[in-house]
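Quick note: the sequence shown uses our numbering, first residue 27, plus one each step.
Idealized CB from N, CA, C, for every residue including glycine.
Everything numeric in this text was worked out from a predicted model, so none of it was measured.
What follows is a set of notes on a single structure, which appears directly below.
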Amino acid sequence: MTRRTALKMTVLGLAAALVPRVRAQTTDREWNALGRGEIPFALPPLPYAPDALEPFIDARTVEVHHDKIHATYVKNLNKTIADVPQLYIDWKYQNITADPSSKANRWLEELLRNLDSVPEKIRASVRNNGAGHYNHSLFWRMLKKGGGGGPKGELAEVLNKTFGGLAGFKAALTRAALGQFGSGWAWLTAESGRLRIEALPDEDTPLSLGRQVLLGIDLWEHAYYLKYQNQRADYIAAWLNVVNWDYVGERYAKLKG
Ligand code: MN3
27 MTRRTALKMT
37 VLGLAAALVP
47 RVRAQTTDRE
57 WNALGRGEIP
67 FALPPLPYAP
77 DALEPFIDAR
87 TVEVHHDKIH
97 ATYVKNLNKT
107 IADVPQLYID
117 WKYQNITADP
127 SSKANRWLEE
137 LLRNLDSVPE
147 KIRASVRNNG
157 AGHYNHSLFW
167 RMLKKGGGGG
177 PKGELAEVLN
187 KTFGGLAGFK
197 AALTRAALGQ
207 FGSGWAWLTA
217 ESGRLRIEAL
227 PDEDTPLSLG
237 RQVLLGIDLW
247 EHAYYLKYQN
257 QRADYIAAWL
267 NVVNWDYVGE
277 RYAKLKG
C-alpha cells in the first residue's frame, strides 16, 4: 500500500466513523433540513405591519430590510452551520433541557460572545451573518408604532446620570452614528452596569466585545436610502421617534436582575 492510499483510507475511515455518530443523535428529517440550510435559525416575523413605523421609516424600506436583507443573513447563517453540522448537534445535545423555542438563539449569543472559539472555517460568516441575524432580530423589537420619547424608571435615571439627560443621550448617539464611516451600527450598551455609546463597523455586535446590547441603530444605507437617500442625519432624527423604550427598559432591567 502506498502512503497516499494509506492516508486516503485513514481519512475515509474517520469520515465513516463520524457520520454514524452524527446521524445517531438526530432524526433524518432534522439532518436533511440542516443540510438544506433550513435550520437551526429562522427569520422572526416582524412584530408589526411594515407600515407601522410610517412616516419615520417607510413601509417599503421595512419590507425589503426584513424580508430580503435580514432573511438573507438567516439563510447564509444556516448554510454556514450546515458546513459544520457536528458543532450544532454537539451543542444541541448538551443543552437538551433548554427551552426549544429559544435554544438556537441562545446558541447564537454564545457563538458571538466567543468568536475566537468558533471554527476558523466559519468564523467570518458567523461574525457577519450570525451577528447580522442577531442584530436585526433585536432591531425590529427595539422599534414600535407610536414610540419615541424616552425611558422611564431606572433606565431614565442612569441615562440622566451618564449623558446628562435624554437630550444629551440623543446628541451622543447621533454624534456616534454620524461618525461611523460607511456601514455599521451605533449602539447603547452596558458593561458591568455602566452605559456607553459606541459605533461599530458592518454587523460587528457589541456582544462580541463582552457588552450587553440595549439599543442599536442600523446605519447601513439599506436602512434609510429609499426615503432619506444619503441624509443619514435626517434618518437618525426620524428613527428616534419610533424607539420602543419599554423594550429597551426591559432589557436593562433584565441585566440588572
Ligand atoms: Mn440592516
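Identified DSSP bridge partners for residue i
i, result
"Thr215", "Arg222 and Val239"
"Leu169", "Val269"
"Asp244", "Trp211"
"Pro227", "Gly210"
Residues near residue i by beta carbon distance below 8 Å, same chain, minus five either side
i, result
"Lys171", "Tyr74, Ala78, Leu79 and Val268"
"Ala203", "Ala212, Ala225, Ile243, Leu245, Arg258 and Ile262"
"Glu56", "Ile65"
"Ala130", "Ile65, Pro66, Phe67 and Ala68"
"Lys101", "Gly63"
Cutoff 6 Å; reference residue i; Cβ partners in own chain excluding five residues on either side
i, result
"Leu103", "Phe67, Asn155, Gly156 and His159"
"Trp200", "A small correction: the amino acid at residue 200 is Thr; Trp does not occupy that position in the sequence shown. Excluding positions up to five away in sequence, the list reads Ile262."
"Ser151", "Thr106"
"Pro70", "Ser163"
Residue j beta carbon less than 7 Å from that of residue i
i, j, result
"Leu181", "Tyr278", "yes"
"Gly210", "Leu245", "yes"
"Ile107", "Tyr99", "no"
"Thr188", "Leu221", "yes"
"Asn186", "Thr231", "no"
"Ile83", "Asp109", "no"
"Leu192", "Gly179", "no"
"Glu89", "Pro81", "no"
"Leu233", "Arg153", "no"
"Thr87", "Leu266", "no"
"His92", "Leu60", "no"
"Leu137", "Val144", "yes"
Exposure label - residue i; buried when at least 16 CB within 10 Å
i, result
"Gly208", "exposed"
"Arg237", "buried"
"Ala42", "A caution first: Ala42 carries a pLDDT of 49, below 50, which makes its placement in the model unreliable, though a value can still be read off. By the neighbour-count rule (16 or more Cβ atoms within 10 Å), Ala42 is not buried but exposed."
"Glu229", "buried"
"Asn256", "exposed"
Option nearest residue i by Cα separation, candidates the options
i, options, result
"Glu326", "Leu221, Pro227 and Arg237", "Outside the shown range of the chain, which is 27 to 283, sits residue 326, and nothing can be said about it."
"His96", "Leu164, Asp260, Glu183 and Asp109", "Leu164"
"Trp271", "Val144, Glu89 and Trp166", "Trp166"
"Ser218", "Val239, Asn131 and Gln206", "Val239"
"Ala249", "Gly190, Lys94, Tyr119 and Glu56", "Lys94"
"Arg132", "Arg55, Glu64 and Trp117", "Trp117"
"Leu169", "Thr215, Asn58, Tyr273 and Glu183", "Tyr273"
Minimum Cβ-Cβ distance from residue i to chain B less than 7 Å
i, result
"Ser218", "Chain labels in this structure do not include chain B; a single protein chain is all it has."
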